[in-house]
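Colleague:
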Amino acid sequence: MPAFTPQTLLSLLTIRNLVLALVAYVLLSWAEQIIRYRFFSPLRDFPGPFWASVTRLWIAYHNLKEDECQVELALHKKHGPVLRITPTMLLVSDASKLPEVYTRNADKSKYYVTGSFGKTESLFNMQSHKVHAHYRKIAAGPYAFSNIKKMEPLVDTRMRAWMRKMEEKFVGTGEVFDFAPWAVFMAYDIISEIGFGAPIGFIEQGEDVGGLIRGFHEGLPAFGLMGRLWPFTYRVKNTRLGEKFLVAKPEDESGIGMLMRFRDKLLAQRRRDIEEGKAGDRLDLLQTFIDARDDDGNPLSDDYIKAEILLVLLAGADTTGTAFQGMIYHVMTNKDIYHRLVHEIETATRDGKIGGMPQYDEVQEACPFYVACVKETMRLNPSAPNIFPRTVGKVGMELEGKFVPEGTEITCNPWLVHRDPAVFGEDAEAFRPERWLEDEEQTKQLNKYNMAFGYGSRTCLGKDIAMMELYKGPLLFFRDFTPHLADEKKPGVWTVKGGVAFWRDMWMTLEKRSALTFYTIASGPLQFTRWRDEGVFKDAMLTGYSAMNAREILAFMLHAQ
Ligand code: HEM
1 MPAFTPQTLL SLLTIRNLVL ALVAYVLLSW AEQIIRYRFF SPLRDFPGPF WASVTRLWIA
61 YHNLKEDECQ VELALHKKHG PVLRITPTML LVSDASKLPE VYTRNADKSK YYVTGSFGKT
121 ESLFNMQSHK VHAHYRKIAA GPYAFSNIKK MEPLVDTRMR AWMRKMEEKF VGTGEVFDFA
181 PWAVFMAYDI ISEIGFGAPI GFIEQGEDVG GLIRGFHEGL PAFGLMGRLW PFTYRVKNTR
241 LGEKFLVAKP EDESGIGMLM RFRDKLLAQR RRDIEEGKAG DRLDLLQTFI DARDDDGNPL
301 SDDYIKAEIL LVLLAGADTT GTAFQGMIYH VMTNKDIYHR LVHEIETATR DGKIGGMPQY
361 DEVQEACPFY VACVKETMRL NPSAPNIFPR TVGKVGMELE GKFVPEGTEI TCNPWLVHRD
421 PAVFGEDAEA FRPERWLEDE EQTKQLNKYN MAFGYGSRTC LGKDIAMMEL YKGPLLFFRD
481 FTPHLADEKK PGVWTVKGGV AFWRDMWMTL EKRSALTFYT IASGPLQFTR WRDEGVFKDA
541 MLTGYSAMNA REILAFMLHA Q
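Its first residue numbered 1, the sequence shown is counted upward by one per residue in the working numbering.
(1) Can we say the region 224-232 touches the region 48-68, given the rule of at least three CB pairs closer than 8 Å?
(2) Could you name the residues that DSSP lists as bridge partners for Met397?
(3) CA-CA distance, Ile213 and Asp318?
(4) Along the chain, where does the alpha helix (DSSP H) that runs through His76 open and close?
(5) Taking Cβ positions, are Cys367 and Glu346 nearer each other than 8 Å?
(6) Pairs of beta-carbons, one from the region 463-471 and one from the region 489-497, closer than 8 Å: are there three or more?
(7) Quick one: does the C-beta of Thr103 sit closer than 7 Å to a heavy atom of the ligand HEM?
(8) For Leu20, name the three-state secondary structure that DSSP assigns.
(9) Terminal residues of the continuous beta strand (DSSP E) containing Trp503?
(10) Would you say His132 touches the ligand HEM, meaning its beta carbon is less than 7 Å from a heavy atom?
(11) Would you decide whether Gln7 is buried or exposed? Buried here means 16 or more other CB atoms lie within 10 Å of its CB.
(12) Rounded to whole angstroms, what is the Cα-Cα separation between Gln442 and Trp436?
(13) Below 7 Å, is the gap between the Cβ of Ser383 and the nearest heavy atom of the ligand HEM?
(14) So which of Gly141, Tyr61, Pro81, Leu28 has the shortest CA-CA distance to Pro421?
(15) Compare the beta carbon distance of Cys412 and Val101 with 8 Å and say whether it is the shorter of the two.
(16) Going by beta carbon distance, what residues of the same chain come within less than 6 Å of Asp296, once the five residues before and after it are set aside?
(17) Going by other Cβ atoms of all chains shown within 10 Å of its Cβ, with 16 needed for buried, is Ala140 buried or exposed?
(18) Let's see if you can read the secondary structure: which residues bound the alpha helix (DSSP H) around Leu259?
(19) Cβ of Gly316 versus every heavy atom of the ligand HEM: is any distance shorter than 7 Å?
(20) Indicate the three-state DSSP secondary structure (helix, strand or coil) for His418 in the structure shown.
(21) Could you check which residue in Thr288, Asp291, Ile309 has the C-alpha nearest to that of Arg263?
(22) According to DSSP, is Thr349 helix, strand or coil?
(23) Report the residue from Ile148, Ser301, Ile34, Ala183 whose alpha carbon sits nearest the alpha carbon of Thr320.
(24) Does DSSP put Arg432 in a helix, in a strand, or in coil?
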């Protein structure tokens, strides 16, 4: 046998052999991972597709293919309420399990990749529940309903501008336009007004300023993949390539880069205004963050304020726009619901229960069917039909008679939970707003297991802002305009990218809602005009029809009384 010398070793070191060794290493590691996850994982007995149990590429693939929710729904119907959707993650569709999955002490899983929107973390990405609780206490002030209520006039100003623009551009012009971006224009201008006291200018310019909406949508597939492939993401994030592509910076040409620059400019301006005593009594979120103090009375750092304000823009505009689009879609594609809704809005207006610019509490009080339509929209088409994973705490938990150990990633998805027939009814897949109004006990249950804004202690802080917009925008739209779909067969397309939803291609024309009602009497048409004063309908009769005689008019008036 020939001796094994350093020379023989060197002779084996060819490029070909190195490549072969690398391929063998990758294949062996992969095989080891498959065997470990499939046969030795504590989650091995939970049902789900084979590939999902051994690699995160399964969920990444369906996320990219934009059919993750539908595939998981079909799997739940086959296997029951708990599925293994990655080697380390369980998905639960049983709505009654929400309180257990989202307990107060649950940490967010590593799916929430830290540092992707800058080095300083905002509330959304903080993984530790303890760190989060500390900062949430501080943010509770700015987001408190009493504070948000004070901002309602800011919302109203933008809402009026939006309605004016819609009327100018589309009413009576016959122009066929896509409603979808217009809903987001409104949401962005409102959120930037609330956030910094200045609209970005979508409504005024009537276009996607700086390609922000397009840029945001284009970034969504990467956002979906980063979380789903988190071990890989963490590995490359701190490399030079990762820093370049995975960490957003103000210098970036992307939509997020533009938002960051916009935010930095306004914060710098505000700091100057404060120094020069020109800030006055600002009402926006930026000012409340600047004024906020921690337990020791210290102000928040500018880096942290920047992170939270960016979150407001990222979390608050597109999501609200999607719900607005969804409401218009569902109401316009259900004629009976449309008529019932418009009747409710008109009656509440005529009775003086809601004013020219409806207020949040008025709508809640006077328009139960309308409120039910908003809730039903967000139930069936939540703006974030996504996974929101937590890690199971120290004592573990039991699901479907099986033990789930500490550290397991566990999640629900509002799109799936809201289709749980045990809570939402056998017709859970249908748009039926009445389900929210039928019985007090049932309504309580529906509200309890509503996940549209997340669940538990990490639930959305901007809910009141979003609802304030949603209790006004669609209402004004249906009260003032009669929309007509350009093609009844193509009312709009529901799209989910990276776990974030939006509608597109909602082509329509707008007509001013008929202000005239005609009554026919013996000698010809008597025109009955309804006009608005500060939004309240006032009825007035138009005279001047020569064909009519006074007796008939008098008879009509008596009849109309
Ligand atoms: C229809 C509109 C909205 C929807 C559907 C929505 C949805 C959500 C969801 C599902 C979460 C929880 C995420 C998780 O568990 O990981 C969340 C968190 C959050 N949202 Fe919203 N959101 C909306 C509007 C807004 C608005 C308008 C703002 C701000 C002005 C906002 C600010 C936040 C913040 C700060 C958090 C993090 C809360 C925390 O972790 O303590 N959202 N949102």
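Where a beta carbon is used, it is the ideal one built from N, C-alpha and C, also for glycine.
On a predicted model such as this, the values are computed, not experimentally measured, just so you know.
Modeller: The relevant details are as follows:
(1) Flag = yes, the region 224-232 and the region 48-68 touch.
(2) Taking the first residue of the sequence shown as position 1, residue 397 is located at position 397. Secondary-structure assignment with DSSP links Met397 through a beta bridge to Val404.
(3) Looking up residue 213 in the sequence shown gives position 213. Looking up residue 318 in the sequence shown gives position 318. Here the alpha carbons of Asp318 and Ile213 stand approximately 8 Å from one another.
(4) On the sequence shown, residue 76 is found 76 positions in, with the first residue counted as 1. Per DSSP, His76 belongs to the alpha helix (DSSP H) from 68-79.
(5) Numbered from its first residue, the sequence shown carries residue 367 at position 367. Numbered from its first residue, the sequence shown carries residue 346 at position 346. Inclusion of Cys367 and Glu346 in the CB contact set at 8 Å is not warranted, their separation being larger than that value.
(6) With a cut-off of 8 Å, the region 489-497 and the region 463-471 do not count as touching, because too few Cβ pairs lie within range.
(7) Within the sequence shown, residue 103 is the residue found at index 103, counting from 1. No, the Cβ of Thr103 stays beyond 7 Å of every heavy atom of the ligand HEM.
(8) If you number the sequence shown from 1, residue 20 lands on position 20. Leu20: helix per DSSP, three-state reduction.
(9) Translated into the one-based positions of the sequence shown, residue 503 becomes position 503. Here the beta strand (DSSP E) through Trp503 covers 500-504.
(10) Taking the first residue of the sequence shown as 1, we reach residue 132 at position 132. For the ligand HEM, at least one heavy atom lies less than 7 Å from the Cβ of His132.
(11) Residue mapping note: residue 7 aligns to position 7 of the sequence shown, counting from 1. Note on Gln7: under 16 other CB atoms within 10 angstroms of its CB, so exposed under the neighbour-count rule.
(12) The residue you call residue 442 lines up with position 442 of the sequence shown. The residue you call residue 436 lines up with position 436 of the sequence shown. Approximately 7 Å between the Cα atoms of the pair.
(13) Residue numbering aside, residue 383 sits at position 383 when the sequence shown is read from its first letter. When distances are taken from the beta-carbon of Ser383 to the heavy atoms of the ligand HEM, the shortest one is below 7 Å.
(14) Here residue 421 corresponds to residue number 421 of the sequence shown, with the count starting at 1. Of the listed residues, the one whose Cα sits closest to Pro421 is Pro81.
(15) As a working note, residue 412 is residue 412 in the sequence shown. As a working note, residue 101 is residue 101 in the sequence shown. The answer is yes: Cβ separation under 8 Å.
(16) By one-based count along the sequence shown, residue 296 stands at place 296. Residues of the same chain with a CB within less than 6 Å of the CB of Asp296, apart from the 5 flanking positions on each side, do not exist.
(17) Locating residue 140 in the sequence shown gives position 140, counting from the first residue. With fewer than 16 other Cβ atoms from the protein chains shown falling within 10 Å of its own Cβ, Ala140 counts as exposed.
(18) Start at 1 with the first residue of the sequence shown, and residue 259 comes out as number 259. Run containing Leu259: 255-275, per the alpha helix (DSSP H) assignment.
(19) As a working mapping, residue 316 is identified with position 316 in the sequence shown. Answer for Gly316: yes, Cβ within range of the ligand HEM.
(20) Along the sequence shown, one-based indexing puts residue 418 at 418. If DSSP states are grouped into helix, strand and coil, His418 belongs with coil.
(21) Here residue 263 is taken as the residue at index 263 of the sequence shown, counted from 1. Selected option, being the one with the closest Cα: Ile309.
(22) For the purposes of this step, residue 349 is taken as residue 349 along the sequence shown, with counting starting at 1. Reduced to three states, the DSSP call for Thr349 is helix.
(23) Within the sequence shown, numbered from 1, the residue matching residue 320 stands at position 320. For Thr320, the closest of Ile148, Ser301, Ile34, Ala183 by C-alpha to C-alpha distance is Ala183.
(24) Here residue 432 is taken as the residue at index 432 of the sequence shown, counted from 1. Shown here, Arg432 sits in coil according to DSSP, grouped into three states, outside any helix or strand.
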